[in-house]
Amino acid sequence: MPLNELVDFRNSPIHGTGGFARVDIPNETNVVEYVGRKIDKAESLRQCELENPFIFTLDDQFDLDGNVDWNPARLLNHSCSPNCEALDDEGRIWIVACRDIKAGEEITFNYNYDLVDYKDNPCRCASPNCVGYMVAEEFFPTLLEKKQQAADAIPLPEAS
């Protein structure tokens, strides 16, 4: 695993291996670059069909396949209340702190998945704002509404 001065990679309570802040990280710091192979959309589709979860959209023509050993950022976990976000800086994807992060805290970002097949991507972040699935924040209201509808459909026990 490549050494990163800001992030240590180890077992995560969220899922598998995760990244943890080695030191306090100020808001707006580039924490780690998400690197990989630049691939065209046809190859991206092929990789998605092979269930490669490490594809990042770059533009209308190309994506980034982060499923390479030299990309430790692929190990960062999703959270519904992330402390980082993925930002495109002229074709380079950086995981950037969106608030101050304390040493020892797990580095997370929202994977921003869409609603297609959302049930295939359950979330284990355990944040108070967790919607149960790894989707973009714009879809949180939709999932919360579905959750409420399901709860409303459960019959309540009759009073005696």
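Here the working numbering = 1-based position in the sequence shown + 37.
All C-beta atoms, glycine included, are put in the ideal place defined by N, C-alpha and C.
Fair warning: this is a prediction, and the values are worked out from it, not measured in the lab.
Terminal residues of the beta strand (DSSP E) in which Cys117 lies: Element bounds for Cys117: n/a, residue is neither H nor E.
Taking one C-beta from the stretch 135-146 and one from the stretch 74-83 each time, how about it: are there three or more such pairs within less than 8 Å? no
Please report the residue range of the beta strand (DSSP E) in which Glu143 lies. 143-146
Straight-line gap, Glu143 to Ala190 (C-alpha atoms, nearest Å): 37 Å
Going by alpha carbons, who is nearest to Phe177 out of Ala163, Ala187, Leu152? Leu152
Terminal residues of the continuous alpha helix (DSSP H) containing Arg83? 78-86
List the DSSP bridge partners of Ala58. Val44
By alpha-carbon positions, which one of Trp131, Gln98, Arg83 ends up nearest to Phe146? Trp131
Assign Val60 to buried or exposed, taking buried as 16 or more other Cβ atoms, counted over all protein chains shown, within 10 Å of its Cβ. exposed
Nearest to Tyr199 by alpha carbon, out of Thr54, Arg83, Phe93, Thr66? Past the edges of the chain, shown from 38 to 197, lies residue 199, and the structure says nothing about it.
What did DSSP end up calling Lys266 once you bin it into helix, strand or coil? Here the chain covers residues 38 to 197 and nothing more, so residue 266 does not appear.
Outcome for Cys160 when other beta-carbon atoms lying within 10 angstroms are tallied against a minimum of 16: buried
Residues bridged to Asn67 [DSSP beta-bridge criterion]: Val133
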